[in-house]
Each structure stands twice: as structure tokens, then as C-alpha cells.
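Going by the numbering used here, the residue at position 82 of the sequence shown is 84; the numbering climbs one at a time, nothing skipped. Note that the Cβ used here is the ideal one computed from N, Cα and C, for glycine as well. All figures in this text were calculated on a predicted structure; none of them were measured in a lab.
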Amino acid sequence: MARSVFVSAMGLVAVTLVGRLFGFLRNVYLAKVFGTGSAADAYFVALTLPLTLSLVVPGMLNALWVPTAKGLMERGATDRLHRVAAQSCGVVAVAFGVLSLAVWVGAEVYVALVAPGFTGETRELTVSLVRWMAPSLLLIGLSAWYSSLLNSHNRFFLPALGGVVNSLMVLLALWIWAPRYGIVGVTWGTLLGFGLSAALLLPAVWRRGYRAVRVPSRPLPSELVRMGERFIPLAFGALLTQLTQFLERAFSSQLGTAKVAALSYAQSIAQLPMGLFVGTFTLPLFPLLSEYVKKGAHASVAEVYSRGLQYLFVLLVPTTAFLWVLGPETVRLFYGRGAFDAQATALTAVALAGYSVGLLFLAVRDLVTRAFYAYEDAKTPVYIGAASVAAYAAFAWGLSRLWGHAGVALASSLSAVVGALALAVLLAVRRGIRPSKALWQTAMRTAVASAAMAAAVIGFKHLPFSQPWPLCYVLWTVVAVGTYLAVLGALREPLLRDLAARLPFGRRIASHQ
3 MARSVFVSAM GLVAVTLVGR LFGFLRNVYL AKVFGTGSAA DAYFVALTLP
53 LTLSLVVPGM LNALWVPTAK GLMERGATDR LHRVAAQSCG VVAVAFGVLS
103 LAVWVGAEVY VALVAPGFTG ETRELTVSLV RWMAPSLLLI GLSAWYSSLL
153 NSHNRFFLPA LGGVVNSLMV LLALWIWAPR YGIVGVTWGT LLGFGLSAAL
203 LLPAVWRRGY RAVRVPSRPL PSELVRMGER FIPLAFGALL TQLTQFLERA
253 FSSQLGTAKV AALSYAQSIA QLPMGLFVGT FTLPLFPLLS EYVKKGAHAS
303 VAEVYSRGLQ YLFVLLVPTT AFLWVLGPET VRLFYGRGAF DAQATALTAV
353 ALAGYSVGLL FLAVRDLVTR AFYAYEDAKT PVYIGAASVA AYAAFAWGLS
403 RLWGHAGVAL ASSLSAVVGA LALAVLLAVR RGIRPSKALW QTAMRTAVAS
453 AAMAAAVIGF KHLPFSQPWP LCYVLWTVVA VGTYLAVLGA LREPLLRDLA
503 ARLPFGRRIA SHQ
């Protein structure tokens, strides 16, 4: 079991890494061409809803479909599985088609709500971009549904390629269309990328026997009824977790030009470790958690849950420390060219510091939420999500007055802390699923190793090097990674040895620890 999850995770890490690299190239090129000007602000506001849905809809549909599919598979009801899937696909197509039309018609109202600080040409451009983006909502819904079908069969690699395709199309648009059509051409590439991401999954879905799309007819299958009963709290909860994105746009649009873009660029850097480690290590765990819940194997649920948390601590605590000590240099490395000047670098770096505080807690919240979904409890994450949004609004209102857009970024992290801790406590109280003793030991070791890493990097940064700046950054990164792994190995962290043993030539390394 552990090895199969690890293999799935490693495959996802590989493809997600490629996707994130393309995503960074996309943002690097975007920053070079448009910087943090009004065109970039307009594009990121128009992208807010598609980006939000692309983040929440796959997880929401997974939570609806995977437990249902696993139950039907356990009974060997293949025909019923395909029939329920066909009717569910019809619901998804209609729902997201209506949403796309509503956004196209109400684009002006949407911009007024999401970016109340935009006026004049910036506002008109944003409305136009929102209308161009509207069809992408239907494409995102279909792509997410196809991904859920494949995930229920423990197929994760191909759905993860969607991010690669999307970023590649935006890069091509920046190269081909942006010189002539400006930011509108970039929007066309984004829309085309969502379309190709959905088309990529169709052959694999057909091979699994899911070929029909049907409008639900009475009497509805009992599985579809139960999915419908869970849909509203699931959808509400999923959107609540991302409502902070819209509130963030509302707060930052009133702080002056460049703040929306600076926050977006900073968030794209923060999302790199989130995409690599959170999705790749928690997504394969969800079908496993659902399977154990169906079997009543609660001890196995607790084991998988604790192991998932251990991986997140080992990977994300040092990431936060790294971004704190090398944040400005990281922003400069990725974006510091063309129209992205020193002021844009400074604005983005302080926002990145605020976002990095919440990386671990965002990941923990995601994993604990999946545990609740495995128990088919969609209401508890909704309640906690509502509390987290309220906390964010309060934090953002106060901190933006103290530290501007950096306070808005920090507010996002603090709301993640509130949500993660509340969900973890409720999971322990209601289901008896508690972190193991090994998790707390891992947390202490990663904290010590991360502190040593930060001290080493700070020390090396103050040494007088005559090498070019990019070479210095590489050296600091090597020092950071080397120090962290050395200290963690000296503390005899079992998870590090487990990871080493599963990698090529790693057994020899692990045997000497």
C-alpha cells in the first residue's frame, strides 16, 4: 500500500513539476512583457474565477464521485457505475454551461464586485477579458469531471498533465498573439489551454467505458440522489475555501496600481511547493482513505492520515524557512527582467513572505478536509470554511491598513491556520483520528533542521562572494538543501530514510544512516 501510494506520488511529482515549470515560464514571460501594470492587473482579475474553479472543482467532484464509485466497484456493479457516471456528466455539463453564460452576461457586475477599485480603461479592459474567459468555466467543469472518473480508477498521471497543456498554450499566446493583440491575445491562449486540457482526457475516459452523456431522468439512481444531497455543502465549502481570492482582489484593487499583480506573482511562487507536494501527496491518499472508511478499517485511516501529515511537515516547513530568508532573491530570479523592475520585485517579495507563513497550514487543511470527505461528511468543512473566511476578512481589513498588500497576503495565511487547526481538532474529537506520536517527533526534527538551514543561508549570504548573482543563488540553495538534509539525517528522521530507500540508489544511502 505505502509503496503504491509513493509510486503514484512520485509520478505526480514529476508531471506536476513540469507543469509548474511551464507555469513559471508563463508568469516570467508575462511579467517581462506586462510587469505589474494595469494590463496585468486586468488579466489576473479576469483569471480569478477560472483559476478558483480549476482549484476547487476537481477536489469537489472527486469528493462526490470517488466514494460513490468505490462503493459500486466493491459490489461489481459496472453497468450501474457507467449509467450513474453518464447522468452525472450531464448534470456537470448543464451546470457549468449555465455558469459560463451567466458570467458572460454579468461581466460588468462581476468586475464591480471583484475589483471595485478599478476605473476607466482598466475597468473596461477587465470586463472584456472576463467575457473572453467565460467559456473556460464549462471546460474546467468537464475537465474536472473526467479527472474524477480517472481518479476513481487510481489514475492520476494524465489528469495532472492539464496544467502543462494550459501553461504551454499561454506561453505560445505570449509569443504569437501578445505582440499584436496585447493582453487579449494572452486571454485567448488561456481559454484554448483549458479546452485542450479537457480534450486530453477524453480518450482515457472512453477506454474506461465512460462514453455516454445523459440528462438525468426519473427515477434517479439512489447514488445520484446521495451525491446531490452532498453537492450543496460540498460546493459551498469548496468555494468558501477560495472566497478569500475574491476578497483579496477586492482589498488589493483599492490599494493602488500594481498590488493585484504583485500578489498574483507572489502567490504563483507560493503555489509551486503547494502544487508539487500537497496535491501530489494528498490526492493519491483520498481514494485510499475512502476505501478504508468503506471497509471500517479506522486504524488504517489514522495511519494514512498521520503519514500524510508527516510528509507535509518534512517538505513544507523548510520551504517556508527558505522563502523567508531568500524571498527577494527568489522573486528576482523568476521575474526580475524586462518590465518587472526593482519596485515590482520589492512589492512581490513582501507579499511572498506573507503567503509563505501559511503553506503548511493550507496543506494540512486540504488533507484533513479530504479525511472528512472520505467519511462523507461535507458539512463540517463548510462550517469551518465559513469561519476561516470571516477570520480572513477581519485580518485583511486590519492588516491591510498596517502593511498594505503584504497584510492582505499575511491575512490569507492566518485564516489557513484557523481552518487547519479547527478541522484537525474536530476530526480527532468526532472520529478519533488523531496524529500519531511519530508526527510530533517529525515536527520537532523538521523545525530544528529548518532553523539550522535558515541560519546557514543567512551566514553564507553575508560572506563576500565575487561570483555573478545567479551563481550565488545556486550556492545558497545548495547550502540550504544540504544543511537541512544533513541535520534531519543526524536527527535520524525515519521518514527521510524511508524516502531514500525508495529512490534510485537510495537503499545504499539509507543503510548507512
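Cβ distance (whole Å) where residue i is taken to contact residue j below 8 angstroms
i: valine 116; j: arginine 251; result: 5 angstroms
i: histidine 407; j: lysine 261; result: 4 angstroms
i: alanine 33; j: alanine 268; result: That belief does not hold up - the Cβ atoms of alanine 33 and alanine 268 are roughly 11 angstroms apart, past 8 angstroms.
i: tryptophan 134; j: tryptophan 190; result: 7 angstroms
i: isoleucine 185; j: leucine 131; result: 7 angstroms
Selection from the options that minimises the alpha carbon distance to residue i
i: leucine 328; options: Leu265, Ala348, Trp134; result: Ala348
i: leucine 53; options: Phe196, Ala389, Arg372, Leu27; result: Phe196
i: serine 154; options: Gln345, Ala206, Trp478; result: Ala206
i: alanine 323; options: Ala272, Arg309, Ser302, Val227; result: Ala272
i: methionine 75; options: Ser292, Arg334, Leu170; result: Ser292
i: alanine 393; options: Ala413, Glu378, Ser255, Arg447; result: Ala413
i: proline 221; options: Ala175, Gln89, Ala260, Ile142; result: Gln89
i: alanine 445; options: Arg309, Ala180, Leu245; result: Arg309
i: lysine 463; options: Val111, Cys474, Glu231; result: Cys474
i: leucine 141; options: Gly119, Ala180, Ala175, Gly99; result: Gly99
i: valine 68; options: Asp81, Ala87, Ser56, Val105; result: Ala87
i: glycine 122; options: Thr259, Tyr31, Arg232; result: Thr259
i: valine 459; options: Val129, Glu331, Arg210, Gly409; result: Glu331
i: leucine 152; options: Ala422, Arg209, Ala97; result: Arg209
i: leucine 423; options: Tyr294, Leu362, Gln312; result: Leu362
i: leucine 311; options: Trp106, Leu369, Ala353, Ala351; result: Leu369
i: valine 58; options: Ala353, Phe374, Phe238, Phe315; result: Phe238
i: serine 145; options: Leu198, Pro181, Phe120; result: Leu198
i: glutamine 443; options: Ala456, Ala71, Tyr313; result: Tyr313
i: valine 565; options: Tyr375, Gly73, Tyr337; result: Examination of residue 565 is not possible in this model, given that the chain is present from 3 through 515 alone.
i: arginine 213; options: Met276, Trp405, Ala180, Trp147; result: Trp147
i: arginine 433; options: Phe253, Tyr307, Thr485, Gly461; result: Tyr307
i: tyrosine 395; options: Asp81, Leu27, Phe253; result: According to the sequence displayed, residue 395 carries alanine and not tyrosine. Alanine 395 has its Cα closest to that of Phe253, out of Asp81, Leu27, Phe253.
Status (buried if at least 16 other CB within 10 Å, exposed otherwise) for residue i
i: glycine 387; result: buried
i: glutamine 183; result: In the sequence on display, residue 183 carries tyrosine and not glutamine. Exposed, by the Cβ-count rule.
i: serine 224; result: exposed
i: lysine 297; result: exposed
i: threonine 192; result: buried
i: valine 476; result: exposed
i: leucine 429; result: buried
i: threonine 448; result: buried
i: tryptophan 177; result: exposed
i: valine 9; result: The predicted model places valine 9 with a pLDDT of 49, which falls under 50 and marks its position as unreliable, so this point remains unresolved.
i: valine 483; result: exposed
i: glutamate 231; result: exposed
i: tryptophan 478; result: buried
i: lysine 439; result: exposed
i: isoleucine 435; result: buried
i: glutamine 345; result: exposed
i: alanine 299; result: exposed
i: glycine 211; result: exposed
i: arginine 334; result: buried
i: leucine 441; result: buried
i: valine 227; result: exposed
i: proline 137; result: buried
i: leucine 404; result: exposed
Other residues of its chain near residue i: CB distance less than 7 angstroms, five sequence neighbours each side excluded
i: alanine 263; result: Thr38, Ala42, Asp43, Phe46
i: arginine 125; result: Val113
i: serine 149; result: Pro60, Pro161, Leu203
i: phenylalanine 242; result: According to the sequence shown, residue 242 is leucine rather than phenylalanine. So the list reads Val384, Gly387, Ala388, Val391, once near-sequence residues are dropped.
i: valine 450; result: Val489, Leu493
i: leucine 236; result: Met62, Ala65, Leu66, Ala380
i: glutamate 378; result: Pro69, Arg232
i: phenylalanine 397; result: Ala413, Leu416, Ser417
i: valine 319; result: Leu362, Thr448, Ala449, Ser452
i: threonine 50; result: Val116, Gln247, Phe248, Arg251
i: glycine 187; result: Ala175, Trp179, Ala180
Spatial neighbours of residue i in its chain, beta-carbon cut-off 6 angstroms, leaving aside the 5 residues before and after
i: arginine 5; result: For arginine 5, the predicted model reports a pLDDT of 47, less than 50, meaning its position is unreliable; a value from the coordinates is still stated below. Around arginine 5: no qualifying Cβ.
i: alanine 79; result: none
i: glycine 409; result: Leu401, Ser402
i: leucine 364; result: Ala418
i: valine 129; result: Ala109, Glu110, Val113
i: valine 316; result: Thr448, Leu497
i: tyrosine 294; result: Ser302, Val303
i: phenylalanine 374; result: Thr382, Pro383
Chain-order list of residues whose beta-carbon lies under 8 angstroms from that of residue i (same chain, five-residue window excluded)
i: phenylalanine 24; result: Gly165, Val166, Ser169, Leu170, Leu173
i: valine 215; result: Ala88, Cys91, Gly92, Ala95
i: phenylalanine 120; result: Asp43, Ala44, Val47, Val113, Thr128, Ser255
i: leucine 354; result: Ala268, Ile271, Ala272, Leu325, Gly329, Thr332, Val333, Ala411
Contact test: residue i Cβ vs the ligand NAP heavy atom, cutoff 6 angstroms
i: valine 333; result: As far as ligands go, the structure on display features none, and thus does not contain the ligand NAP.
Any chain B beta carbon closer than 7 angstroms to residue i
i: alanine 201; result: Absent from the structure: chain B. Only one protein chain is present.
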